[in-house]
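J.: Residue numbers (my numbering): 80 to 389.
For every residue, glycine included, the Cβ atom is placed at its ideal position computed from N, Cα and C.
Here it is, the structure, as structure tokens.
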């Protein structure tokens, strides 16, 4: 790998880590917004509306800088790909995860969403018709073990085990995996900001059709718009832009492992925002997750379809 390719690779790795970190901050904030009395429909519709608007602004700014076409000619398959990633991936992850957060502690909802790590690698293996190497499986094992320690999954019981929120959390993990896998395979000459804007817009259209009737918040609308902008920035704008740029360079399997950064960031955010405490065991789990991320960078290229040399 040449110096330029190596620099591009590590930039992509950094983008994915930053995108995952941004997404991690969002979970306790959503719980915080629910505390103001806003409903699921109000939050999810406003969040995707704000995300779509902000990304189109970013796409317009990118067009002015590069003097390139905002929407070069796309094939029907490329439009279908953007629509599928935006609806089945982005929108349904937001819908299912926000629904799970209504009935679960933020920490346990994160555990469920975090199953995207192994699901994405499994989808990637099925797509490539090749089992992941032992090195990559070892990274998954370290990260999963760290997950159990960091969030104390064994201690969850009672009302936190309600069936519908559990299913929504696991469903969000699957749709998030579809998003990562789809982003890793989508190819076009479209600017990343424009591609992200189109994906989120498709997702917003779906969410508006499903939940738009109950989205108006009346006198509380101005504050909801402000919170929606914050949630959209953390959950749709920053991750979508950075993932759209970074994942095609490193592959969806490695991106899933790097996405583990979401968990320690979410735990830290829950401590800062929600006042949750972290035990020594949980801190050890976070350290294990970070170790798994570091080990993922040591996996030989021949074991990983994420290598730039493949």
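For my contact list, residue 112 and residue 122 are in at a C-beta cut-off of 8 Å; report their separation, rounded to the angstrom.
T.: Start at 1 with the first residue of the chain shown, and residue 112 comes out as number 33. Start at 1 with the first residue of the chain shown, and residue 122 comes out as number 43. With a Cβ gap of about 6 Å, residue 112 and residue 122 count as contacting.
J.: If I measure Cβ to Cβ from residue 95 and keep anything under 6 Å in the same chain, skipping five residues before and after, which residues do I get?
T.: If you number the chain shown from 1, residue 95 lands on position 16. Contacts found: 325, 334, 337.
J.: Among 189, 101, 363, 126, which one has its Cα closest to the Cα of residue 250?
T.: As a position in the chain shown, residue 250 is number 171, starting the count at 1. Taking only the C-alpha atoms, the option nearest residue 250 is 189.
J.: To the nearest angstrom, report how far apart residue 303 and residue 216 are at their CA atoms.
T.: Taking the chain shown and counting its residues from 1, the one referred to as residue 303 is at position 224. Taking the chain shown and counting its residues from 1, the one referred to as residue 216 is at position 137. Roughly 43 Å separates the two Cα atoms.
J.: Considering residue 424, what are the terminal residues of the alpha helix (DSSP H) in which it resides?
T.: Here the chain comprises residues numbered 80 to 389, so residue 424 is not present and cannot be evaluated.
J.: Starting from the N-terminal side, write out each stretch of the alpha helix (DSSP H) that is 4 residues or longer and does not extend beyond the segment 137–179.
T.: Those alpha helix (DSSP H) runs which fall completely within the segment 137–179 and span 4+ residues are 155–163.
J.: To the nearest angstrom, report how far apart residue 191 and residue 252 are at their CA atoms.
T.: Here residue 191 refers to the residue found at position 112 when the chain shown is read from its first residue. Here residue 252 refers to the residue found at position 173 when the chain shown is read from its first residue. The straight-line gap from Cα to Cα measures roughly 7 Å.
J.: Excluding five sequence neighbours on each side, which residues of the same chain lie with their C-beta closer than 7 Å to the C-beta of residue 89?
T.: The sequence position of residue 89 within the chain shown is 10, counting from 1. Within the same chain, residue 89 has no close Cβ partners at all.
J.: Of all the CB atoms in chain B, is at least one closer than 8 Å to the CB of residue 97?
T.: Here chain B cannot be found, since the structure has a single protein chain.
J.: Is DSSP giving residue 315 helix, strand or coil here?
T.: Numbered from its first residue, the chain shown carries residue 315 at position 236. Reduced to three states, the DSSP call for residue 315 is helix.
J.: Alpha carbon to alpha carbon, what distance is there between residue 219 and residue 153?
T.: Counted from its first residue, the chain shown places residue 153 at position 74. Counted from its first residue, the chain shown places residue 219 at position 140. Residue 153 and residue 219: Cα-Cα distance of roughly 36 Å.
J.: In the segment 287–364, which residue ranges form an unbroken alpha helix (DSSP H) of at least 4 residues, counting only runs that do not cross its ends?
T.: You should have 300–311, 317–329, 331–337, 341–353.
J.: Which class does residue 244 belong to by DSSP, given the choice of helix, strand or coil?
T.: What you label residue 244 is simply residue 165 of the chain shown in a count that begins at 1. In the structure shown, residue 244 sits in a helix (DSSP, three-state: H, G or I).
J.: Taking residue 192 as part of the alpha helix (DSSP H), name the residues at either end of that continuous run.
T.: Looking up residue 192 in the chain shown gives position 113. 185–192 is the span of the alpha helix (DSSP H), which, as asked, contains residue 192.
J.: Please report the residue range of the alpha helix (DSSP H) in which residue 115 lies.
T.: If you number the chain shown from 1, residue 115 lands on position 36. Note, residue 115: premise wrong, no alpha helix (DSSP H); not H, not E.
J.: Taking all protein chains shown into account, do 16 or more other C-beta atoms lie within 10 angstroms of the C-beta of residue 193, making it buried, or fewer, making it exposed?
T.: For the purposes of this step, residue 193 is identified with residue 114 of the chain shown, where counting begins at 1. Classification of residue 193: buried, given that the 10 Å Cβ count is 16 or more.
J.: In whole angstroms, what is the alpha-carbon distance linking residue 133 and residue 307?
T.: Working through the chain shown from its first residue, we reach residue 133 at position 54. Working through the chain shown from its first residue, we reach residue 307 at position 228. Taking the straight line joining both Cα atoms gives about 11 Å.
J.: Less than 8 Å between C-beta atoms, sequence neighbours within five positions excluded: which residues of the same chain meet that for residue 352?
T.: For the purposes of this step, residue 352 is taken as the residue at position 273 of the chain shown. The residues are 107, 108, 111.
J.: By the DSSP assignment, the alpha helix (DSSP H) with residue 202 in it spans what residues?
T.: Residue mapping note: residue 202 aligns to position 123 of the chain shown, counting from 1. Element bounds for residue 202: 195–207.
J.: Check this for me: beta carbons of residue 318 and residue 101, under 8 Å apart or not?
T.: As a position in the chain shown, residue 318 is number 239, starting the count at 1. As a position in the chain shown, residue 101 is number 22, starting the count at 1. Their beta carbons are under 8 Å apart, which means residue 318 touches residue 101 by this criterion.
J.: Going by C-alpha to C-alpha distance, which of 346, 129, 373, 371 sits closest to residue 103?
T.: Here residue 103 is taken as the residue at index 24 of the chain shown, counted from 1. Nearest C-alpha to residue 103: 346.
J.: Residues in the same chain with beta-carbon distance under 8 Å from residue 173, minus the five sequence neighbours each way, listed in chain order, please.
T.: The sequence position of residue 173 within the chain shown is 94, counting from 1. Within the same chain, residue 173 has close Cβ partners 123, 126, 127, 282, 286, 314, 315.
J.: Quick one: what does DSSP say residue 250 is sitting in, helix, strand or coil?
T.: For this step, residue 250 is matched to residue 171 along the chain shown. Looking at residue 250 - three-state DSSP - the assignment turns out to be helix.
J.: On a CA-only basis, which of 87, 339, 364 is nearest residue 199? Give me that one, please.
T.: Indexing the chain shown from 1 puts residue 199 at position 120. The shortest C-alpha separation from residue 199 is found at 339.
J.: Within a Cβ cutoff of 7 Å, which residues of the same chain sit near residue 370, ignoring the five residues on either side of it in sequence?
T.: As a working note, residue 370 is residue 291 in the chain shown. Correct list, in chain order: 221.
J.: Excluding the five sequence neighbours on either side, which residues of its own chain have a C-beta within less than 6 Å of the C-beta of residue 275, listed in chain order?
T.: For the purposes of this step, residue 275 is identified with residue 196 of the chain shown, where counting begins at 1. So the list reads 134, 319, 320, 323, once near-sequence residues are dropped.
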